[in-house]
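Report on the following structure.
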Amino acid sequence: MAIRFVTGNEGKVREAREYFDGLAAVEQIQHDYTEIQSDSLEEIAIHGARETFAALESDEPVIVDDTGLFVDALGGFPGPYSAYVEDTVGVERLWRLAREEENLRARFRTVLVYADADGTATFEGSVAGTLVAPRGEGGFGYDPIFEYNDQTLAEMSTEEKNAISHRGRAFAAFAEWYADNEA
Ligand code: ITT
Numbered sequence: 000m001a002i003r004f005v006t007g008n009e010g011k012v013r014e015a016r017e018y019f020d021g022l023a024a025v026e027q028i029q030h031d032y033t034e035i036q037s038d039s040l041e042e043i044a045i046h047g048a049r050e051t052f053a054a055l056e057s058d059e060p061v062i063v064d065d066t067g068l069f070v071d072a073l074g075g076f077p078g079p080y081s082a083y084v085e086d087t088v089g090v091e092r093l094w095r096l097a098r099e100e101e102n103l104r105a106r107f108r109t110v111l112v113y114a115d116a117d118g119t120a121t122f123e124g125s126v127a128g129t130l131v132a133p134r135g136e137g138g139f140g141y142d143p144i145f146e147y148n149d150q151t152l153a154e155m156s157t158e159e160k161n162a163i164s165h166r167g168r169a170f171a172a173f174a175e176w177y178a179d180n181e182a
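As numbered in numbering that gives the first Met the number 0, residues 0 to 182 make up the sequence shown, in order.
Structure representation (structure tokens):
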């Protein structure tokens with residue numbers, strides 16, 4: 000099987016290729032689907048996956064990943080607006096905003112949506128951690144300020160990150176479902 004991953008984010012593709020290594024080829028599809036304005040990662044990802052599947056006019060299924068960083072003390076901000084906040088405020092300044100808070104707990108959530116001619120299926124993964132001053136050269140996005148078990152996600156290899164991450168857990172749920180459905 001080949002997985003057609005609709006994303007412009009090279010970091011996500013790298014993680015998918017590592018996760019599915021030996022199981023499936025991962026093909027990156029660059030399609031600028033409409034990111035609807037919504038508080039729900041599910042709604043955004045389902046809309047994006049449906050729109051892309053229809054636009055490509057092919058029978059081949061696609062997957063879309065919508066991810067957010069939810070900071071407890073900031074009422075879940077930036078959540079579904081994480082990409083916009085990374086582009087405007089930046090990771091370092093989000094850390095400076097959050098560090099004023101006593102509670103530094105945060106969570107990453109990924110919603111992965113698979114779309115084919117029969118419809119969509121949705122998978123989810125999340126990981127809880129603590130916000131810290133940026134450390135590490137790996138990963139992407141908010142990884143340098145998110146610590147899990149004394150390591151930031153940017154200090155982990157792709158394999159280590161996949162083993163505990165929001166996206167790794169969503170990949171695992173998808174892989175299990177796909178194996179059952181393919182049979
Ligand atoms: P696509 O929509 O094209 O897939 P994107 O980077 O816009 O790419 P998201 O909207 O899902 O994807 O990402 C929301 C933000 O969260 C964005 O700023 C990412 O850099 C960041 N992000 C996503 N996954 C992450 C991860 O595993 N670790 C750290 N930051 C992540």
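Yeah, the Cβ is synthetic: ideal placement off N, Cα and C, and Gly gets one too. Just so you know, these numbers come straight off a predicted model, no measurement behind them.
- Beta-bridge pairing by DSSP links V63 to V5, V112.
- No Cβ-Cβ contact shorter than 8 Å links A169 with G118.
- Collapsing the DSSP output to three states places V88 in coil.
- By the C-beta density criterion, M155 is buried, having at least 16 other C-beta atoms within 10 angstroms.
- In the DSSP annotation of this structure, the continuous segment of the beta strand (DSSP E) that includes A120 starts and ends at 118-130.
- By the Cβ rule, the stretch 40-52 counts as touching the stretch 108-116, because three or more pairs are nearer than 8 Å.
- Residues lining ligand 1 by the Cβ criterion, that is a Cβ closer than 5 Å to any of its heavy atoms, are T6, G7, N8, D65, T66, S81, A82, E85, G140, Y141, D142 in chain order.
- Straight-line spacing of the CA atoms in S37 and I43 works out to 7 Å.
- Here DSSP, grouped into helix, strand and coil, assigns L152 to helix.
- A contact is defined here as three or more CB-CB pairs under 8 Å, and the stretch 143-157 fails this definition with respect to the stretch 71-81.
- Non-local C-beta neighbours of G75 in its own chain, meaning closer than 7 Å and more than five positions away in sequence, comprise F69, ordered along the chain.
- Straight-line spacing of the CA atoms in E85 and R106 works out to 16 Å.
- Taking all protein chains in view, the Cβ of G21 is surrounded by fewer than 16 other Cβ atoms within 10 Å, so the residue is classified as exposed.
- The criterion of a C-beta distance shorter than 8 Å is not satisfied by V5 and H46.
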